[in-house]
Every structure is written in C-alpha cells, then in structure tokens.
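Structure first, then comments.
Numbering (full-length UniProt numbering), first residue to last: 1 to 660.
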C-alpha cells in the first residue's frame with residue numbers, strides 16, 4: 001500500500017507538466033494576426049523517466065487489478081439481484097417437472113393396473129367358461145368307461161341293464177329340470193356314480209362339471225378349483241401395479257369367491273343357452289361331521305338353494321351315508337331325493353351275462369341257473385356282481401365276498417365276553433349295541449322265512465327282502481342313539497331316505513345269520529352286556545366280595561342288631577345252563593364218558609364242540625369252509641333254527657354238515 005501511494009502522484013505531476021508546455025506554444029485567439037500554422041508534437045525527453053522495471057510492472061498489474069475490482073463490484077451487485085430470481089425460477093421449474101413426472105408415472109401405472117385388472121377378471125371368466133364346454137377337462141369321464149363300446153352286438157345290447165333312475169338323471173344333467181337341487185343316496189356299490197357318468201357321456205360333458213369331496217376343506221378347495229378351472233387369484237400379479245390382491249384367508253372364503261365368479265359366469269351362459277349349469281359333488285359323505293365340515297356343507301347348500309332358485313345352477317350331491325340327508329333336510333326347501341337300490345333278480349341275471357361276455361369267451365356264457373344261484377348268495381349289489389363276474393369260479397367268489405363281510409363285521413364289533421378289561425368299556429358298548437340290533441334282524445328274518453316256508457306260494461325265484469326297522473326303533477334296541485351313524489359309516493347297517501335301518505347288503509345279512517347261529521352266542525352277548533354293567537357299577541356302588549367259598553355250602557351272615565341272613569352257594573343260571581346243576585352235571589358226565597367209549601369201539605368220530613369256549617365263528621380256516629356247503633341251500637331254509645323247522649326234505653341240520 002505504501003508503494004501505491006507514491007507512484008500515483010508522480011504520474012499525475014508528469015502529465016500536468018507536459019500539458020502546460022503544449023498550451024504555451026499556441027497563440028491565443030484574441031490576436032487579429034493572420035493565422036499561423038504550427039506543427040507540434042508532444043514533447044518528451046529523449047530519455048523518458050523510467051522507474052525500476054519490476055516496480056513498473058507491478059504498478060501496471062495493480063492498476064489492472066484495481067480496474068477489475070471496480071468492474072467486479074459493479075457486476076456483482078447486478079448479478080446478485082439476477083441470481084436470486086434465477087434460482088427461484090429454477091426451483092419452480094424443477095418442482096413443476098417433478099410434479100409432471102410423478103403425475104404421469106402414477107397415471108400410467110394406474111391405467112396399466114386398471115387395464116390388467118379388467119383383463120384378469122375377463123380372463124378368469126374365460127377360463128371358467130372353458131370348464132363347461134364340451135369335452136372332459138377334469139378327466140372324469142375318461143376314468144369311467146362302459147364295459148363295451150357302442151356296437152351292433154346283439155348279445156351285448158340285449159343284456160345291457162337300464163336303471164330306472166337313468167332317465168331322470170339324463171334330464172337333470174341335460175339341464176331340462178330347473179329350480180331344484182338333488183341328493184342321490186344309496187348304499188356303497190349300488191352304481192350311483194356310474195349313473196351320473198353315463199348321463200355325462202350322453203352330453204359329452206357340456207355345461208357340466210364334477211369333482212370328489214374330501215374331509216379336508218383345503219383339498220376340497222383345490223378340487224373345486226380344478227373342476228371350475230379357477231386358481232383362486234394365485235396367478236394374480238396386480239402387486240406389480242401396487243394393487244393389493246385378495247388377502248390370505250381360509251378355505252371357506254376361497255370357496256365363496258369361487259362361487260361368486262361362478263355366479264357371474266352362470267348369468268352370462270344362461271342368457272345364451274337358456275339352461276342352468278350343472279355341478280356334481282361326488283362322495284359328499286366324505287365331508288366330516290365336525291364344525292368345519294358342517295359349515296362347508298351349509299355353505300354348499302346355501303349356494304344350491306339360491307342358484308337353483310334363480311335357474312342359474314343345479315347342484316347334485318352324491319352320498320352313501322344318511323347324515324348328509326339329515327343336515328340338508330334342516331334347511332332344504334328345494335331339495336329332492338333320488339334313491340338308488342340293488343338290482344332285482346332279472347337285472348342281476350342280465351348284468352352277470354353282460355359283464356361275463358366282456359371278459360370271457362362266448363363258450364363260457366353263464367346259464368340262468370348259475371346266475372340265479374349267484375343272486376341267491378350275494379343279492380343284486382352291482383359292486384359284488386362286477387367282482388364275481390370277472391372270476392372263473394364264480395361261486396367261490398361269492399363265498400369269499402360273504403366271508404369278507406363276516407370278517408369285517410367281527411373285526412369292528414366283535415364281543416369280548418366276561419373277561420373284558422375295564423379300559424375298553426367303550427368298545428364293549430359299541431360291540432354289544434351292534435350285536436343287539438343284529439340279533440333283532442336275525443329274529444325278524446327267521447320269522448319271515450318261517451312264514452315263507454309254510455306259505456302255499458312258490459318260493460322259487462323270490463326277491464331278497466332284508467328285514468328293516470324304523471330308525472327310532474333301532475335306537476331303542478341298541479339302547480344308544482349315537483352309534484347308528486358310525487355303523488352306517490362302517491357299512492354294517494344302512495339307513496335309507498325313509499329312515500329305515502337294515503343290513504348293508506345281502507352278504508352282510510348272511511354274515512349276521514352265521515354269527516347268530518354259533519353255539520351260545522346269546523350267552524356271549526349276555527356276558528358282554530353284564531360285564532359292561534359291572535364296570536359301570538364300579539363307579540356308582542360299593543361291593544362286598546367273599547372269596548374261597550364252596551359251591552353247595554351254606555353261610556350265615558349276622559348283623560350288628562342280631563339279625564341273621566342265611567346264604568347258600570349255588571351255580572349261576574349261565575353255569576347251570578352250560579354244565580348243569582350238581583346232580584345233572586354228574587349224570588351228564590357219565591353219559592358223555594359212555595358215549596366216548598362207544599365211539600372208540602365203533603371206530604367212528606364225530607365233531608366235538610368245546611362248549612366252554614364261546615366263539616363267534618370257527619377258529620380254524622378249514623372249519624369255516626363248512627358254511628360254503630350250507631350257503632348253497634335255499635336262503636329261506638338255511639338259517640332257520642330247529643324250533644322253526646317243519647320237516648321239509650331240503651332242511652339241513654345247522655350243527656351237522658356232511659363233509660363227504
């Protein structure tokens with residue numbers, strides 16, 4: 001700063017001196033002399049005054065810097081005013097750009113999501129519509145094949161069995177019956193599913209869908225989705241467009257969504273084809289009778305009621321068990337029943353010939369006598385007819401079916417006797433209740449067959465008429481009201497739509513007769529019932545047990561007040577019935593010993609039955625084959641005990657069978 005202050009005055013002083021020299025050389029205007037022209041030039045020293053070169057350069061640089069600083073200050077003041085506005089303008093521009101980009105992005109995303117959502121809903125309805133077109137999308141019809149192709153074979157067409165319910169089901173599946181929904185009920189193996197499949201084949205699956213029920217609602221949901229070609233929005237990708245899909249819920253809510261979509265489709269299709277959609281739920285009895293199962297069945301019935309009333313959908317339930325009808329009857333206003341029963345004798349003969357022709361050459365066609373013998377043995381259950389017709393030895397196959405039914409019944413309801421443990425008292429109650437009802441049916445059948453024997457009408461080629469009871473009476477006999485449904489589930493007894501209880505099939509009824517014909521069956525049943533009562537009494541009463549007492553001895557019990565009670569030890573009625581009283585037992589023992597000696601001398605052997613053991617059937621497999629010969633007798637004469645017999649030549653002794 002000190003150098004700058006010295007240099008600037010020096011420079012100003014030199015410039016002022018040079019200007020003064022120039023002004024003196026010019027004449028002033030006040031003189032009137034002619035103009036004189038002078039030439040002048042700037043005077044300067046031949047040797048200009050120069051400072052130190054470094055200082056001069058430094059001074060010049062300082063001058064330039066000073067000029068720049070002055071200009072910079074002026075420019076800065078102007079730029080500051082302009083920069084504030086520019087920054088605000090730039091901020092507004094960026095905000096508007098951001099707003100525009102955001103709005104356009106959201107708009108494009110929303111439009112794309114809306115279009116996808118509309119497309120997805122239409123796509124769902126299109127896929128569901130394909131499930132009701134002609135063909136077999138769920139591969140149900142292909143799994144059901146008729147035993148022959150539609151051909152011109154006269155023998156085949158002559159013996160094809162036309163069920164009376166087939167025409168009604170054909171009209172239902174074709175959509176000609178509107179405003180109702182149906183429950184097909186019948187025993188297992190009566191041909192309910194076959195009737196439905198035949199009706200579906202006639203329309204080639206058009207406007208019809210079918211699926212099997214299941215005890216698990218999740219599996220039921222999956223099968224319903226497969227039948228309707230509905231994925232329950234599992235392939236929905238609306239989350240890519242920030243559209244929330246259906247939330248995760250239970251199987252019942254998914255089933256409700258499926259029926260909502262089905263209702264939309266039904267409105268479209270019914271407007272075009274003028275016929276309702278048909279939905280068939282096969283094996284509806286597989287739904288469990290618990291809280292979830294009852295809710296599921298109520299949901300299905302509500303949809304069946306509403307959609308059938310509007311003519312949009314006809315639902316058909318197929319069930320083997322009675323409990324489904326009980327639940328549907330509570331809320332059913334449009335429900336109708338279709339009962340499917342066994343074949344009669346004529347239909348059984350035709351069915352046997354029809355199936356036999358399919359699997360065996362023409363030289364092994366069954367004769368009418370053989371077909372009637374099969375009907376006498378196992379009745380007209382289509383399931384059993386199909387099984388035995390495919391065997392070479394058809395009579396042996398019939399006996400095996402009866403043996404299986406007998407074994408199944410004994411495995412489920414076998415009596416345990418007086419030695420039953422108290423931990424299995426519930427099993428004893430279950431078995432004794434079944435045996436009480438079984439014995440009642442056997443007695444009813446014996447009385448009926450006795451009437452047939454004494455009747456003047458011919459007993460040849462009669463139809464099987466199984467004894468039956470009303471449901472309330474069956475519960476009275478069993479003394480339990482809750483077991484009958486379990487027996488129905490086990491296919492031991494069956495309940496029809498008229499609440500009539502009977503044996504599940506003819507082979508099962510034959511098993512009942514054979515079990516009831518065992519020696520001392522009533523004793524074993526009584527022992528089991530007494531044991532159940534004794535176990536129950538343990539929790540209610542106190543008992544005094546006297547041990548090591550001798551039979552035939554007399555004991556005196558004295559009370560505190562001096563009263564005396566005399567007691568004599570005798571045999572119980574059961575033991576007396578088995579072994580006799582003391583005197584009778586000794587006489588019987590001597591007679592048996594003499595009889596055994598006579599048999600040994602004669603060299604002959606007789607069958608000996610150990611009456612101390614109470615059996616429900618023969619233990620040895622070889623001994624059980626003796627029933628095979630018995631079964632070939634007439635049904636109305638085979639199972640009658642001795643007191644019902646009237647001396648017919650064809651009668652046989654149940655306790656003695658010719659083994660030759």
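Even glycine gets a Cβ: it sits at the ideal position worked out from N, Cα and C.
- Annotated as proximal: residue 184 and residue 318, with beta-carbon spacing under 8 Å.
- Taking every protein chain shown into account, the CB of residue 301 has 16 or more other CB atoms within 10 angstroms, so this residue is buried.
- Residue 282 carries a strand assignment under DSSP once its states are collapsed to helix, strand and coil.
- Nearest Cα to residue 425 within the set 407, 330, 527 and 373: 527.
- A straight line joining the alpha-carbon of residue 356 with that of residue 476 spans about 45 Å.
- Under DSSP, residue 181 takes part in a beta bridge, and its partners are 335.
- The continuous stretches of alpha helix (DSSP H) do not include residue 290, and DSSP gives it neither H nor E.
- Taking each of 209, 315 and 196 in turn and checking the Cα distance to residue 134, the smallest one comes out for 209.
- For residue 95, the number of other beta carbons within 10 angstroms of its own is below 16, and it is reported as exposed.
- For residue 99 and residue 117, the gap between their C-alpha atoms comes out near 26 Å.
- Sixteen is the threshold: when 16 or more other Cβ atoms of the shown chains lie within 10 Å of the Cβ of residue 182, as they do, the residue is buried.
- In the three-state reduction of the DSSP assignment, residue 347 falls in the helix class, which pools H, G and I.
- With respect to the 8 Å criterion, residue 190 and residue 382 are classified as neighbours on the basis of their beta carbons.
- Pairing residue 532 with residue 429 gives a Cβ-Cβ distance under 8 Å.
- Around the Cβ of residue 165, a 10 Å sphere holds 16 or more other Cβ atoms; the residue is buried.
- Secondary structure at residue 521: helix, using DSSP grouped into helix, strand and coil.
- If you look at residue 389, you'll find it in the alpha helix (DSSP H) that goes 382 to 389.
- Distance from the CA atom of residue 336 to the CA atom of residue 419, rounded to whole angstroms, is 49 Å.
- Proximity of the stretch 208 to 223 to the stretch 367 to 380 falls short of the contact definition, fewer than three beta-carbon pairs being nearer than 8 Å.
- Here residue 274 is exposed. Its C-beta has fewer than 16 other C-beta atoms within 10 Å.
- With the rule of 3 Cβ pairs closer than 8 Å, the stretch 287 to 296 does not count as touching the stretch 257 to 264.
- Check the Cα spacing between residue 416 and each of 106, 530, 225 and 266: the tightest is with 530.
- Within its own chain, no residue has a Cβ closer than 8 Å to the Cβ of residue 84 once the five positions on either side in sequence are excluded.
- For residue 484, the uninterrupted alpha helix (DSSP H) segment begins and ends at 483 to 489.
- Residue pairing for residue 87: DSSP places it in no beta bridge.
- The alpha-carbon separation between residue 422 and residue 250 amounts to approximately 42 Å.
- Residues of the same chain with a CB within less than 7 Å of the CB of residue 265, apart from the 5 flanking positions on each side, are 125, 128 and 129 in chain order.
- When C-beta atoms of the stretch 487 to 500 are compared with those of the stretch 314 to 333, three or more pairs fall below 8 Å, so the two segments count as touching.
- Around the CB of residue 172, 16 or more other CB atoms lie within 10 Å, so the residue is classed as buried.
- Contact check between the stretch 299 to 313 and the stretch 339 to 350: fewer than three CB pairs, one atom from each, fall below 8 Å, which does not count as touching.
- Taking C-alpha positions only, residue 232 is separated from residue 298 by approximately 21 Å.
- Taking the Cβ atoms as the reference, residue 511 lies roughly 29 Å from residue 338, outside the contact range of under 8 Å.
- Rounded to the nearest whole angstrom, the C-alpha separation of residue 522 and residue 433 is 13 Å.
- Around residue 328, the same chain offers 183, 297, 301, 317 and 335 as residues with beta carbons nearer than 8 Å, after the five sequence neighbours per side are excluded.
- With contacts defined by Cβ atoms closer than 8 Å, residue 405 and residue 507 form a contacting pair.
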